[in-house]
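In this text, residue positions in the sequence shown follow our numbering: the first is 1, and each later residue adds one.
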Amino acid sequence: MAPTEQEIRTFRRDGVVVLRGVLAGHEVDALRGAVAEVVARPGPLAVQVSDGGDDGDFFLEDFRRWQDLPSLEAVARESALPAAAAALTGSPMVRLFHDHVLVRGGGTPKRTPWHQDQPYYDIDGSQTVSFWLPLDSVPVDESLQVVAGTHLGPWLMPRTFRDGAARWFPEGSLAELPDIDADPAAFDLRSFSVQPGDAVCFDFLSVHGAPGTSDDRPRRIVSLRYVGDDVVRAARPWRTSPPFPELVGVLADGEPLDHPAFPVVWPGDRLPSSTPRPECGR
Ligand SMILES: O=C(O)CCC(=O)C(=O)O
């Protein structure tokens, strides 16, 4: 299901668009299988935000699992997503950047705070897209929220989700996020009721966040992130989220992401490589 001209225009103008039915049923099932494996065996970068303890809340995030989960790798490489990424970003070549799994149990009120993704990374460039892929039905009031137009910049201060600390860029070096919750009507918020197979597509610079879940609605999400050929490495003196330690001393600042961690998925293909990965978290 290729994006239409209208969908491409919307993505480039607003930094967000929803694509309906972009994954086939067997691809959704493959992702559900991968998520079950993530929950059973979280990886070295996993963050257990809430563990299903006394209050019953459950929220697990994991990153960079495609190299050890073949069903996740197959969807990331072989579904319609790489071609959609090429169409949306306008890049003739697309690399997989990374996967991010987010699993909430029902009745887990913990929000994902408003943020841009790009300032947490060690890359620069504008041809970027994340596909937020629901594996459960998500009503509009529990769905990803994206602030249209924020993909045009500026970069806003990335902070830790737990305590708002400036762990990455030094305090004062980037503009702060506005207080969106204080006056949501002042912002052009986009969110969509979505079904398994749909994708909410957004730019790495688009400000976004997500509500928690209501009692009867667990929410399994896989976010697959892709980059085009204007994206280059921007080496950071700090540990990024997620980290890519295998790039240190291998890819210099400003170099293309020509590395097995970022396989070319459109057009063509390269063999993946497995690399050890340390702890991660925002
Ligand atoms: O699903 C969520 O809670 C937030 C997802 C998100 O921030 C992302 O995919 O970048």
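All C-beta atoms, glycine included, are put in the ideal place defined by N, C-alpha and C.
CB-CB under 6 Å to residue i, same chain, minus the five flanking residues each way: which ones, in chain order?
i, result
"residue 42", "62"
"residue 195", "137"
"residue 102", "61 and 221"
"residue 210", "112 and 144"
"residue 109", "212"
"residue 10", "17"
"residue 197", "21, 23 and 28"
"residue 34", "69, 71 and 72"
"residue 32", "135"
I want to check one thing, is the minimum distance from the CB of residue i to the heavy atoms of ligand 1 below 7 Å?
i, result
"residue 100", "yes"
"residue 221", "yes"
"residue 210", "yes"
"residue 130", "yes"
"residue 177", "no"
"residue 216", "no"
"residue 112", "yes"
"residue 135", "no"
"residue 144", "yes"
"residue 55", "no"
"residue 117", "yes"
Who pairs with residue i in a beta bridge, going by DSSP?
i, result
"residue 124", "232"
"residue 89", "For residue 89, which the question treats as bridged, DSSP gives no partner whatsoever."
"residue 221", "102 and 134"
"residue 145", "209"
"residue 266", "94"
"residue 77", "According to DSSP, which records beta bridges pairwise, residue 77 is partnered with nothing at all."
"residue 19", "199"
"residue 189", "147"
"residue 194", "138"
"residue 247", "Looking at the DSSP assignment, residue 247 forms no beta bridge with any residue, so it has no partner."
"residue 156", "175"
"residue 256", "232"
Using a Cβ-Cβ cutoff of less than 7 Å, which residues in the same chain neighbour residue i once the five nearest sequence positions on both sides are dropped?
i, result
"residue 149", "14, 15 and 188"
"residue 296", "The structure shown has nothing for residue 296, since the chain only spans 1 to 282."
"residue 169", "119, 157 and 158"
"residue 253", "233, 234 and 235"
"residue 104", "58, 59, 212, 213, 218 and 219"
"residue 39", "60 and 103"
"residue 323", "The structure shown does not extend to residue 323, since the chain is modelled only from 1 through 282, so no value can be given for it."
"residue 154", "175"
"residue 117", "130 and 204"
Between residue i and the rest of its own chain, which residues show a CB-CB distance below 8 Å, the 5 nearest in sequence each way excluded?
i, result
"residue 2", "80, 83, 84 and 87"
"residue 176", "156 and 157"
Kindly indicate if chain D contains any beta-carbon less than 8 Å away from that of residue i.
i, result
"residue 40", "The chain inventory of the structure shown lacks chain D, comprising one protein chain alone."
Between which two residues does the beta strand (DSSP E) carrying residue i extend?
i, result
"residue 62", "58–63"
"residue 51", "47–51"
"residue 10", "Premise fails: residue 10 lies in the alpha helix (DSSP H), 5–14, not in any beta strand (DSSP E)."
"residue 113", "112–115"
"residue 199", "199–202"
Could you give the first and the last residue of the continuous alpha helix (DSSP H) run that contains residue i?
i, result
"residue 177", "Here residue 177 belongs to no alpha helix (DSSP H), and DSSP marks it neither H nor E."
"residue 29", "25–40"
Task: Cβ pair count under 8 Å reaching 3, the stretch 20–29 against the stretch 109–129 - done: Fewer than three Cβ pairs drawn from the stretch 20–29 and the stretch 109–129 lie within less than 8 Å of each other, which leaves the two stretches out of contact.
Task: Any 3 or more C-beta pairs closer than 8 Å across the stretch 93–100 and the stretch 256–263 - done: Touching, yes, given that three or more Cβ pairs across the two stretches are closer than 8 Å.
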